[in-house]
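Engineer:
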Amino acid sequence: MMKTKVDFTEDEREALRAFAARGSRREPLFFVGREDVFETIEQQLREVREHGGSLANAKVVRGPPGSGKSALLNEFDKRYKNTPTIPVVLKGEELHNPKAVAQRFVQACGFDKYLLFKSRQKRVSARLGASWLGVGGEYGTSQISPMEHIERGMPVLQLLDLCLEMSKEMVFLVLVDEAQRVLSDKGEEGGINTLAVALSDKNTDSLKIMTVFAGLPDTGTRLSSVGVSPRLISDSIKTHLLGAFEEPEVRRIVEKTLAHEFLGLYRLPSHIKEAITDAIVEASDCYPRHIQSYLEGMTTTFERTPNGAFLTLDDLLKLGHKNRLNYYDELFDFPELKRYKKATSIVLKSKAPDEPFTRIEIDGVAISQCGMSEDAVEGAYNQAIHCGIFEEVDVMDETLRMPVPSFRTYAASGFDREGFL
-10 MMKTKVDFTE DEREALRAFA ARGSRREPLF FVGREDVFET IEQQLREVRE
40 HGGSLANAKV VRGPPGSGKS ALLNEFDKRY KNTPTIPVVL KGEELHNPKA
90 VAQRFVQACG FDKYLLFKSR QKRVSARLGA SWLGVGGEYG TSQISPMEHI
140 ERGMPVLQLL DLCLEMSKEM VFLVLVDEAQ RVLSDKGEEG GINTLAVALS
190 DKNTDSLKIM TVFAGLPDTG TRLSSVGVSP RLISDSIKTH LLGAFEEPEV
240 RRIVEKTLAH EFLGLYRLPS HIKEAITDAI VEASDCYPRH IQSYLEGMTT
290 TFERTPNGAF LTLDDLLKLG HKNRLNYYDE LFDFPELKRY KKATSIVLKS
340 KAPDEPFTRI EIDGVAISQC GMSEDAVEGA YNQAIHCGIF EEVDVMDETL
390 RMPVPSFRTY AASGFDREGF L
């Protein structure tokens, strides 16, 4: 069993603590991969910048939980800050709140966050080269603040079109995270149809806007239900499916973490760093969330171990295993899925590891062996699809798959934590 001696300074231990405190849900310290997504979106941004509005002026990034959608949008935000492309980061549920959307746009331009509440019509310049002109004309005088216009029902993009003067090189890149939440419990109230469709299907006279909707596998269905162009959802050119990384990309992430000078891990012997990298590549299934779980677990273990002590590879992976299982458990942490979870396990136990399974099989077991009604089964299935636990492979014969790597193995174990560890 390969062992490594622990020996860190207090500053390095503090850095290890800070790294672990980021958690597996936070954006990664180092971003790698997804260059194909950046290239296609950059190409469309150039077209928007040159030609302005067009139908289906958006892209959709879909993937199961933990596949790196939020990290991708955060990277877009970083790359385009202080450029002629102005990133505007929104959450899906914020599209129900015109005030929040208006504020996000104004702040992204570099204006004072309280500007929308002011009644001035005076021209105000932002650091990115946009000018705030104010609102007048048929919607009232300068005595009415822009936010009051929003409250009276003026569409957000119409307000921005009236208020903002932008150079011809400038484009808004609207990044909508958790876009599957475009429909909330409130249904379609609050102007959601108008705003979601406007962000994707057309631009105003002077504003140039491109939108990236990122969400779970059912995001396309959700967007279609509020009127977003079916062409956008069905066009493979406009849809990116995220999943596991390629192995070389995982190695780059782990190697860059081990080489980070503040963490002190760069002082580990080369053969130890290589063994750690190999172990995380294998244990993580090259899956973005899992990689972060293992890196967090590893740094926590190093930080907690006294100087002079020895750690094995198993020690360094143990917390990562637990982090991954906690994440799996969270996916099924819905009351309506409790018995459906049991039915899923029963079906998968009877299957070979790669043997297909269907919704019909799980629903049948849920009703006959788990005491669920047909209505309860329908609700549980929809919840499982919406949470990214299942993904339909073939709608006709209702073949399913579990897009999260190794989750099927865990489900087939009867969700036995100790056995899976």
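Residue numbers (our numbering): -10 to 410. Using N, Cα and C, we set each Cβ at its ideal position, and we do this for glycine too.
Here's the rule: buried if 16 or more other CB atoms are within 10 angstroms of the residue's CB, otherwise exposed. What is S339?
Structural biologist: The residue given as residue 339 occupies position 350 in the sequence shown. Exposed, by the Cβ-count rule.
Engineer: Are the CB atoms of Y399 and Y317 nearer to each other than 7 angstroms?
Structural biologist: As a position in the sequence shown, residue 399 is number 410, starting the count at 1. As a position in the sequence shown, residue 317 is number 328, starting the count at 1. Closer than 7 angstroms, so yes.
Engineer: Within this structure, are the beta carbons of S282 and N312 separated by less than 7 angstroms?
Structural biologist: For this step, residue 282 is matched to residue 293 along the sequence shown. For this step, residue 312 is matched to residue 323 along the sequence shown. Contact: yes.
Engineer: Specify the secondary structure class of I75 as computed by DSSP and reduced to three states.
Structural biologist: Taking the first residue of the sequence shown as position 1, residue 75 is located at position 86. Of the three classes helix, strand and coil, the one that applies to I75 here is strand, per DSSP.
Engineer: Return yes when the Cβ of V243 is within less than 7 angstroms of the Cβ of I269, no when it is not.
Structural biologist: Here the question's residue 269 lines up with position 280 in the sequence shown. Here the question's residue 243 lines up with position 254 in the sequence shown. Yes, these two residues count as a Cβ contact at 7 angstroms.
Engineer: Helix, strand or coil: which one does DSSP assign to R241?
Structural biologist: Stepping through the sequence shown from its first residue, residue 241 is reached at position 252. Looking at R241 - three-state DSSP - the assignment turns out to be helix.
Engineer: Less than 8 angstroms between the CB atoms is what I'm expecting for T246 and L284, so what's the real figure, rounded?
Structural biologist: Start at 1 with the first residue of the sequence shown, and residue 246 comes out as number 257. Start at 1 with the first residue of the sequence shown, and residue 284 comes out as number 295. T246 to L284, Cβ: 6 angstroms. Contact.
Engineer: On the DSSP bridge list, what partners appear for R390?
Structural biologist: On the sequence shown, position 401 is the one that residue 390 refers to. R390 pairs with E380.
Engineer: Leaving out five residues on either side along the sequence, give the residues of the same chain with a beta carbon under 7 angstroms from the beta carbon of Y128.
Structural biologist: Counting from 1 along the sequence shown, the entry for residue 128 is found at position 139. In this prediction, Y128 scores a pLDDT of 44, lower than 50, which makes its location untrustworthy; the coordinate-derived value is nonetheless stated afterwards. Once the five neighbours on either side are set aside, the close Cβ partners of Y128 are H138 and M143.
Engineer: Please report the distance separating the alpha-carbon of T347 from that of I30.
Structural biologist: To locate residue 347, count along the sequence shown from 1; it is residue 358. To locate residue 30, count along the sequence shown from 1; it is residue 41. If I take the Cα positions, the gap works out to 35 angstroms.
Engineer: Would P394 be called buried (16 or more neighbouring beta carbons within 10 Å of its own) or exposed?
Structural biologist: Locating residue 394 in the sequence shown gives position 405, where the first residue counts as 1. Sixteen is the threshold: when 16 or more other Cβ atoms of the shown chains lie within 10 Å of the Cβ of P394, as they do, the residue is buried.
Engineer: Just the C-alpha distance for T333 and F396, rounded to the nearest angstrom, thanks.
Structural biologist: Counting from 1 along the sequence shown, the entry for residue 333 is found at position 344. Counting from 1 along the sequence shown, the entry for residue 396 is found at position 407. Separation of T333 and F396 (C-alpha to C-alpha, rounded to the nearest whole angstrom) is 11 angstroms.
Engineer: Are three or more beta carbon pairs between the segment 246 to 257 and the segment 21 to 39 nearer than 8 angstroms?
Structural biologist: no
Engineer: Which one of F404, G403, R240 and L162 has the shortest CA to CA distance from D267?
Structural biologist: Residue numbering aside, residue 267 sits at position 278 when the sequence shown is read from its first letter. When each option's Cα is compared against that of D267, the closest is R240.
Engineer: Out of S120, L205 and T228, which one is the CA nearest neighbour of S195?
Structural biologist: Against the sequence shown, residue 195 aligns to sequence position 206. S195 has its Cα closest to that of S120, out of S120, L205 and T228.
Engineer: Taking V145 and P87 to be in contact with their CB atoms under 8 angstroms, please state how far apart those CB atoms are, rounded to whole angstroms.
Structural biologist: Indexing the sequence shown from 1 puts residue 145 at position 156. Indexing the sequence shown from 1 puts residue 87 at position 98. Taking a contact as a CB-CB distance under 8 angstroms, the pair V145 and P87 counts as one, their CB atoms being some 5 angstroms apart.
Engineer: Check S120 in the structure and name its three-state DSSP category.
Structural biologist: Residue numbering aside, residue 120 sits at position 131 when the sequence shown is read from its first letter. Three-state result, S120: strand.
Engineer: By Cβ distance, which residues of its chain are closer than 6 angstroms to A187, with the 5 residues on each side in sequence left out?
Structural biologist: The residue you call residue 187 lines up with position 198 of the sequence shown. Answer for A187: L146, listed in chain order.
Engineer: Considering just the uninterrupted stretch of the alpha helix (DSSP H) at G368, what are its terminal residues?
Structural biologist: By 1-based counting over the sequence shown, the position of residue 368 is 379. E363 to H375 is the span of the alpha helix (DSSP H), which, as asked, contains G368.
Engineer: Just to check my reading of the structure: K331 and F321 have Cβ atoms closer than 8 angstroms, yes? What is that Cβ distance to the nearest angstrom?
Structural biologist: As a working mapping, residue 331 is identified with position 342 in the sequence shown. As a working mapping, residue 321 is identified with position 332 in the sequence shown. About 10 angstroms separates the two Cβ atoms, so there is no contact after all.
Engineer: Helix, strand or coil: how does DSSP classify I198 here?
Structural biologist: In the sequence shown, residue 198 corresponds to position 209, counting from 1. Three-state DSSP puts I198 in a strand.
Engineer: Based on the DSSP output, what are the partners of F323 in its beta bridges?
Structural biologist: Within the sequence shown, residue 323 is the residue found at index 334, counting from 1. None, per the DSSP bridge assignment.
Engineer: Using a Cβ-Cβ cut-off of 6 angstroms (strictly less than) and excluding sequence neighbours within five positions of M391, which residues of its own chain qualify?
Structural biologist: What you label residue 391 is simply residue 402 of the sequence shown in a count that begins at 1. Correct list, in chain order: R397.
Engineer: Assign F161 to one of three DSSP states: helix, strand, or coil.
Structural biologist: Along the sequence shown, one-based indexing puts residue 161 at 172. F161 falls in the strand class under three-state DSSP.
Engineer: Taking its Cβ as the centre, do 16 or more other Cβ atoms sit within 10 Å of T(-2), making it buried, or is it exposed?
Structural biologist: Within the sequence shown, the letter at position 9 stands for residue -2. By the neighbour-count rule (16 or more Cβ atoms within 10 Å), T(-2) is not buried but exposed.
Engineer: Where do the ends of the alpha helix (DSSP H) carrying H412 lie?
Structural biologist: As shown, the chain starts at -10 and ends at 410. That puts residue 412 outside it, with no answer to give.
Engineer: For I349, count neighbouring Cβ atoms within 10 angstroms of its own Cβ and tell me buried if that reaches 16, exposed if not.
Structural biologist: Position 360 of the sequence shown holds residue 349. Exposed is the call here.
Engineer: When you compare only the Cα positions, how much space is there between A401 and A341?
Structural biologist: Counted from its first residue, the sequence shown places residue 401 at position 412. Counted from its first residue, the sequence shown places residue 341 at position 352. Straight-line Cα distance between these residues: approximately 10 angstroms.
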